[in-house]
Amino acid sequence: MLLPSRLTGTETPCDGGRAPQNISGTTLTSNLAEANASEEDKIRAMMIQSCRQYDPINYVKKPLGPPPPSYTCFCCGKPGHYIKNCPTKGDSNFQSVPRLKKCTGIPRSFMVEVEDPNTKGAMLTKTGRYAIPIINAEAYARGKKEKPPFLPEEPSSSSFSSDGPIPEELLCCICKEIMADAVTIPCCGNSYCDECIRTALLDSEEHTCPTCHQAGVSPDTLVANKCLRQVMQ
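Structure follows, in structure tokens:
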């Protein structure tokens, strides 16, 4: 059995046999079918070419030096440094900049722009401005209607009352609102809104879980929480 070395064009026998001839010229040939080499050399060259892009020398290294001007720290919201080098890291008194949901999939005609990012229900548009859905703005402006006293309560089909506090199990750990399309993360088992946790994982430098801070968590490993989704219906 022969093992290809690190793209040097040679192979090392793993069973004590004799080493084959150098095939570096063949490994650089794009058309192996017309190469002037034996079939065995063509097969070995094909195997080396197929795994060349996965060689460790081609791995993307961690960024060094200052970040690009367009990069903004997701912790303090200021440019000039990566989140791992944020000066507020470890400061328990510092409140990080709230991360806003993106209004992906909502038509522009259904949104109304606002100036204050702290406005309830504010989302981030693709142009970098803040907006909230018109229906939400009307609901916030109208406010909650108080129920007249001494009226019999209507039976509710929901498992929790709309007037009482919402159980913490139904709140997203990121946006602190009722979960939409609840999913569970495999590292710590917590549940989030599907959009919230995917955005948090993709925005972090090493796909870090926002709760247990485990790195390398892929968004593809998220599992739909069917129980919570049924409760939300």
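Under UniProt numbering, read the sequence shown as residues 1 to 233, first letter to last. Ideal Cβ placement from N, Cα and C applies to all residues, glycine included.
Pull up the distance between the alpha-carbon of residue i and that of residue j, whole angstroms please.
i: Ser38; j: Leu28; result: 15 Å
i: Lys78; j: Glu113; result: 23 Å
i: Ala200; j: Gly80; result: 20 Å
i: Ile57; j: Asn36; result: 29 Å
i: Arg108; j: Lys101; result: 15 Å
i: Leu171; j: Ile178; result: 5 Å
i: Ile43; j: Phe74; result: 49 Å
i: Arg52; j: Glu205; result: 26 Å
i: Pro87; j: Asp41; result: 56 Å
i: Ala180; j: Asp194; result: 7 Å
Can you tell me which of the three DSSP states residue i falls into?
i: residue 235; result: The structure shown does not extend to residue 235, since the chain is modelled only from 1 through 233, so no value can be given for it.
i: Ser191; result: strand
i: Pro113; result: It is worth fixing the name first, because residue 113 is Glu in this sequence and not Pro. Strand, per DSSP.
i: Leu171; result: strand
Considering only the alpha carbon of each residue, which of the options lies closest to residue i?
i: Lys84; options: Thr104, Pro66, Met123; result: Pro66
i: Ile135; options: Arg52, Lys102, Ile197, Lys120; result: Lys120
i: Gly128; options: Asp116, Glu138, Ala139; result: Asp116
i: Thr221; options: His207, Tyr71, Gly105, Glu146; result: His207
i: Pro133; options: Thr72, Pro68, Thr104; result: Thr104
i: Pro69; options: Lys62, Tyr82, Ser96; result: Tyr82
i: Cys209; options: Val231, Pro186, Glu195; result: Pro186
i: Cys188; options: Thr211, Ala131, Pro149, Lys89; result: Thr211
So residue i is in the alpha helix (DSSP H); what residue range does that whole segment cover?
i: Val231; result: 226–232
Tell me which same chain residues have a C-beta within less than 7 Å of the C-beta of residue i, skipping the five on either side of it?
i: Pro219; result: Arg198, Leu201, Leu202
i: Gly216; result: Glu206, His207
Apart from the five residues on each side of it in sequence, which residues of its chain come closer than 6 Å, Cβ to Cβ, to residue i?
i: Ala182; result: Ser191, Asn225, Leu228, Arg229
i: Ser96; result: Cys75
Answer with yes or no whether the minimum CB distance from residue i to chain B is below 8 Å.
i: Thr72; result: Although the question refers to chain B, the structure presented lacks it and comprises just one protein chain.
For the beta strand (DSSP E) holding residue i, just list the boundary residues, first then last.
i: Tyr54; result: Run containing Tyr54: none; DSSP gives neither H nor E here.
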